[in-house]
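Below is one structure, written out as structure tokens; the observations come after it.
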Amino acid sequence: MSLKIGVPSKGRLMEKTFDWFGARGVTMARTGSEREYAGAVEGIDGVELVLLSAGEIPRELAAGRIHLGVTGSDLVRDKLADWNKQVAELAPLGFGHADLIIAVPACWIDVDTLDDLDAAASAFRAKHGFRLRIATKYHRLVRDFLTANGVADYQLVDSQGATEGTVKNLTAEAIADITSTGETLRANHLKILTDAVIHRSQATLFLSHRADWGAERAVLEALVAKLGLSAPALSG
Amino acid sequence: MTISPAARAEAEALFAAFRATGAAPVEADVLQPAGTLLDLYGEDIRARAYVTQDPLRGEMVLRPDFTVPVVQAHMSDGAEPARYCYMGEVFRKQDHLGPRASEYLQVGFEVFDRDAPKADAEVFALFARLLAPLAPKALTGDIGILLAAIEGLTTTPRRKAALRRHVWRPRRFRALLDRFAGRAPVSEARARLLGHLKTDSAEALMQAAGPLTGLRGADEIADRARALIEDAEAPPIAAPEAALLYDLLGLAAPADSALAHLRGIQPLMPAIAPAVDRFEARLTALRAHGIDTASLPFEASHGRTTLEYYDGFVFTFHAGDAGAETPPLASGGRYDALTAILGQGRSIPAVGGIIRPALVAERKGA
Numbered sequence: 001m002s003l004k005i006g007v008p009s010k011g012r013l014m015e016k017t018f019d020w021f022g023a024r025g026v027t028m029a030r031t032g033s034e035r036e037y038a039g040a041v042e043g044i045d046g047v048e049l050v051l052l053s054a055g056e057i058p059r060e061l062a063a064g065r066i067h068l069g070v071t072g073s074d075l076v077r078d079k080l081a082d083w084n085k086q087v088a089e090l091a092p093l094g095f096g097h098a099d100l101i102i103a104v105p106a107c108w109i110d111v112d113t114l115d116d117l118d119a120a121a122s123a124f125r126a127k128h129g130f131r132l133r134i135a136t137k138y139h140r141l142v143r144d145f146l147t148a149n150g151v152a153d154y155q156l157v158d159s160q161g162a163t164e165g166t167v168k169n170l171t172a173e174a175i176a177d178i179t180s181t182g183e184t185l186r187a188n189h190l191k192i193l194t195d196a197v198i199h200r201s202q203a204t205l206f207l208s209h210r211a212d213w214g215a216e217r218a219v220l221e222a223l224v225a226k227l228g229l230s231a232p233a234l235s236g
Numbered sequence: 001m002t003i004s005p006a007a008r009a010e011a012e013a014l015f016a017a018f019r020a021t022g023a024a025p026v027e028a029d030v031l032q033p034a035g036t037l038l039d040l041y042g043e044d045i046r047a048r049a050y051v052t053q054d055p056l057r058g059e060m061v062l063r064p065d066f067t068v069p070v071v072q073a074h075m076s077d078g079a080e081p082a083r084y085c086y087m088g089e090v091f092r093k094q095d096h097l098g099p100r101a102s103e104y105l106q107v108g109f110e111v112f113d114r115d116a117p118k119a120d121a122e123v124f125a126l127f128a129r130l131l132a133p134l135a136p137k138a139l140t141g142d143i144g145i146l147l148a149a150i151e152g153l154t155t156t157p158r159r160k161a162a163l164r165r166h167v168w169r170p171r172r173f174r175a176l177l178d179r180f181a182g183r184a185p186v187s188e189a190r191a192r193l194l195g196h197l198k199t200d201s202a203e204a205l206m207q208a209a210g211p212l213t214g215l216r217g218a219d220e221i222a223d224r225a226r227a228l229i230e231d232a233e234a235p236p237i238a239a240p241e242a243a244l245l246y247d248l249l250g251l252a253a254p255a256d257s258a259l260a261h262l263r264g265i266q267p268l269m270p271a272i273a274p275a276v277d278r279f280e281a282r283l284t285a286l287r288a289h290g291i292d293t294a295s296l297p298f299e300a301s302h303g304r305t306t307l308e309y310y311d312g313f314v315f316t317f318h319a320g321d322a323g324a325e326t327p328p329l330a331s332g333g334r335y336d337a338l339t340a341i342l343g344q345g346r347s348i349p350a351v352g353g354i355i356r357p358a359l360v361a362e363r364k365g366a
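Each protein sequence line maps, in turn, to chains V and L. The letter at position 135 of the first sequence is residue 135 when you use UniProt numbering, and the numbering goes up by one with no holes. The letter at position 300 of the second sequence is residue 300 when you use UniProt numbering, and the numbering goes up by one with no holes.
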């Protein structure tokens with residue numbers, strides 16, 4: 001038996017994750033050909049590397065098919081209902097920073113806050129006969145946030161990419177998306193609402209409550225000690 | 001979660017009791033067109049209902065409740081007054097781990113009758129009688145009194161409309177009322193915009209802000225800018241008037257005492273008089289059914305956090321020792337505004353409620 005740790009399978013997120021573990025004496029590397037999704041871990045025994053799409057890591061953690069996983073804190077909160085009962089945050093990794101925000105056209109001089117957005121949505125619905133559309137792929141996070149803040153008369157429309165373009169293409173009136181520098185937003189003539197930072201995301205090491213923590217408990221203790229983290233409480 | 005034989009037997013018994021009153025049984029499709037429900041309830045229902053795609057009929061939902069199909073059936077071929085009852089599964093997504101079922105039985109009873117206080121009392125008394133063996137805790141409210149109080153405020157129609165719209169969202173309602181009453185400061189962004197609008201036109205500010213993008217037009221933006229100027233010039237809701245409304249929101253007392261309290265503040269809020277008259281007529285009708293209104297719990301804000309739905313009398317019955325997390329054994333209320341929307345202006349006063357037979361069976365077995 002080994003402790004399975006899920007890590008993003010490509011790109012900057014993978015490299016930064018390898019760097020983070022490497023700096024703490026746990027060496028991760030891809031093995032085999034460049035196209036093969038296989039990896040190895042050195043510096044600690046009993047840890048198996050599983051290379052996965054970052055977007056699938058929340059689901060794999062929830063299902064307990066991996067014990068630990070590195071992914072964005074935004075993805076875990078959006079994809080998992082009651083996320084903090086299914087997984088635990090072991091450590092924020094200090095990279096992959098992005099904020100989930102709500103943005104509207106910069107020409108909407110009358111809208112800067114959620115209060116304004118709500119009032120504009122009410123008038124928009126009365127005039128156009130349908131609810132003001134907010135394009136996003138973060139349905140749960142955005143809906144929970146807007147419900148908690150009492151915003152009405154909106155609807156979410158799904159957008160899996162190029163979300164900033166939906167307003168210009170007339171498929172949405174506003175967007176909710178992640179941004180790190182805001183450059184794409186500005187380039188598309190959008191501005192961020194001042195009180196609508198839904199979540200500040202970063203790459204985070206998560207632990208699965210659902211995974212089978214038998215013999216892996218000892219490996220986990222050795223690993224967290226090596227990483228300089230405090231040992232988490234395991235349920236069950 | 002599988003529906004237990006005990007829950008089904010309880011549902012059959014309750015359904016028979018509803019039918020025994022002369023109510024006509026109604027069937028409704030499990031698959032309902034999504035459009036009507038989404039338009040009525042918005043994203044709240046999308047979070048709670050199972051939405052699916054039909055190749056010919058478009059977006060459909062698994063029936064989240066019976067109210068809309070029953071109202072539609074009544075409008076297409078019902079005569080007034082009418083009483084309907086129904087029994088069947090409803091489907092609700094649960095977004096939290098826990099014991100709440102996502103598929104369960106509802107048994108319901110709806111009355112379409114223009115004598116509102118009498119119909120309110122009839123529904124409540126029937127539910128109270130059927131649930132009496134469980135000695136449940138009843139709680140009542142009346143959204144109509146809140147709506148009347150808002151209507152009576154000395155302020156702009158726009159502010160009243162904003163408050164009315166958010167009666168069902170207590171947090172935003174509170175924020176709006178605080179702002180309209182001058183208790184909360186104007187946001188920095190708003191103050192800056194109002195400053196700019198003193199020297200520049202909305203059109204000039206838009207031009208400076210960036211190209212016109214999206215479906216919301218320059219006229220709509222300029223309209224709202226004008227509304228903001230108008231709002232900034234409107235005086236705050238007077239402190240005593242706001243205090244009365246805050247007081248009303250927090251009113252919780254046995255029904256007879258609540259009535260006495262409302263009659264006491266009525267000279268200061270004359271607009272609530274017709275709603276308080278209806279409340280009094282309902283209490284009289286409830287007493288005629290043997291309900292003890294001297295001890296019946298009443299809270300003015302009860303029913304404000306459910307779906308945007310009830311706009312008059314509301315009630316729930318909870319099991320005596322149930323925690324706040326447990327759904328009620330039964331709930332219901334008056335929903336005249338919903339029938340007005342579905343009837344495209346035709347008013348069809350309606351009151352009704354549902355019982356959850358699985359919870360009733362569980363309590364009986366306990």
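In this text, a Cβ means the ideal position worked out from N, Cα and C, and glycines have one as well. Quick caveat: nothing in here was measured; it's all calculated off a predicted structure.
{"Asked": "Please confirm whether E173(V) has its beta-carbon closer than 7 angstroms to some beta-carbon of chain L.", "Found": "yes"}
{"Asked": "Determine the direct distance from the alpha carbon of E110(L) to that of P69(L), and round the result to whole angstroms.", "Found": "12 angstroms"}
{"Asked": "So if DSSP puts H209(V) in a beta bridge, which residue, or which two residues, is it bridged to?", "Found": "H209(V) is not bridged to any residue."}
{"Asked": "For S9(V), which option in L52(V), E15(V) and D19(V) has the closest C-alpha, if you only look at C-alpha atoms?", "Found": "L52(V)"}
{"Asked": "Any beta carbon of chain L sitting closer than 7 angstroms to that of I109(V)?", "Found": "yes"}
{"Asked": "Count the other CB atoms, across all protein chains shown, that sit within 10 Å of the CB of P211(L); report buried if there are 16 or more and exposed otherwise.", "Found": "exposed"}
{"Asked": "Out of A128(L), P267(L), E230(L) and L228(L), point me to the one whose CA is closest to L244(L)'s CA.", "Found": "P267(L)"}
{"Asked": "Just by C-beta distance, which residues in the stretch 83 to 97 of chain L are closer than 7 angstroms to chain B?", "Found": "Within the model displayed, chain B is absent; protein chains V and L are what it includes."}
{"Asked": "Between K168(V) and chain L, is any beta-carbon pair separated by less than 7 angstroms?", "Found": "yes"}
{"Asked": "Which residue wins for smallest C-alpha separation from L146(V), given the options P92(V), I102(V) and L68(V)?", "Found": "I102(V)"}
{"Asked": "Quick check: is the beta carbon of G236(V) nearer than 7 angstroms to any beta carbon in chain L?", "Found": "With a pLDDT of only 47 at G236(V), under the threshold of 50, the placement of this residue in the model should not be trusted, and no figure is reported."}
{"Asked": "Which residues mark the beginning and the end of the beta strand (DSSP E) in which F315(L) is found?", "Found": "F313 to H318"}
{"Asked": "Listed from N- to C-terminal order along the chain, which residues in the stretch 204 to 219 of chain L have their beta-carbon within a distance smaller than 7 angstroms of any beta-carbon of chain V?", "Found": "L205, M206, A209, G210, P211, L212, T213, G214, L215 and R216"}
{"Asked": "With 16 other CB atoms within 10 Å as the buried threshold, where does A246(L) fall?", "Found": "The question names Ala, but residue 246(L) is Tyr in the sequence shown. Looking at its Cβ environment, which holds fewer than 16 other Cβ atoms inside 10 Å, Y246(L) is exposed."}
{"Asked": "Alpha carbons only, please: which of Q155(V), N149(V), G228(V) and A88(V) is nearest the one belonging to L132(V)?", "Found": "Q155(V)"}
{"Asked": "Closest by CA to Y335(L), which one among E230(L), D311(L) and A148(L)?", "Found": "D311(L)"}
{"Asked": "Give me the Cα-Cα distance between D292(L) and V276(L), rounded to the nearest whole angstrom.", "Found": "19 angstroms"}
{"Asked": "Any beta carbon of chain V sitting closer than 7 angstroms to that of I221(L)?", "Found": "yes"}
{"Asked": "By Cβ distance below 7 angstroms, which residues in the same chain neighbour I58(V) in space, the five residues on each side in sequence not counted?", "Found": "As written in the sequence, residue 58(V) is Pro, which differs from the Ile given in the question. Same-chain partners within the cutoff: T71, L75, V76, K79 and L80."}
{"Asked": "If I follow the unbroken beta strand (DSSP E) through V157(V), where does it start and stop?", "Found": "Y154 to D158"}
{"Asked": "For S295(L), is the classification buried or exposed, using 16 other Cβ atoms within 10 angstroms of its Cβ as the cut-off for buried?", "Found": "exposed"}
{"Asked": "Hey, is T113(V)'s beta-carbon within less than 7 angstroms of any beta-carbon in chain L?", "Found": "yes"}
{"Asked": "Which class does Y86(L) belong to by DSSP, given the choice of helix, strand or coil?", "Found": "strand"}
{"Asked": "Taking 7 angstroms as the CB-CB cut-off, is E43(L) touching chain V?", "Found": "yes"}
{"Asked": "Excluding the five sequence neighbours on either side, which residues of its own chain have a C-beta within less than 7 angstroms of the C-beta of R282(L), listed in chain order?", "Found": "P117, D120, A121 and F313"}
{"Asked": "Please classify K191(V) as buried or exposed, where buried requires at least 16 neighbouring CB atoms within 10 angstroms.", "Found": "buried"}
{"Asked": "Could you please give me the residues that DSSP links to V87(V) through a beta bridge?", "Found": "S208(V)"}
{"Asked": "Who are the near neighbours of M87(L) in its chain, counting only those whose CB is closer than 6 angstroms to its CB and skipping five residues on each side?", "Found": "A11, F15 and V107"}
{"Asked": "In chain V, which residues lie with their C-beta within 8 angstroms of the C-beta of S347(L)?", "Found": "Under the 8 angstroms cutoff, chain V gives no residues; its nearest Cβ is about 20 angstroms from S347(L)."}
{"Asked": "Check whether the Cβ of G64(V) lies closer than 7 angstroms to any Cβ atom in chain L.", "Found": "no"}
{"Asked": "Taking 7 angstroms as the CB-CB limit, is R164(L) close to chain V?", "Found": "no"}
{"Asked": "Taking C-beta to C-beta, are L62(L) and F91(L) nearer than 7 angstroms?", "Found": "yes"}
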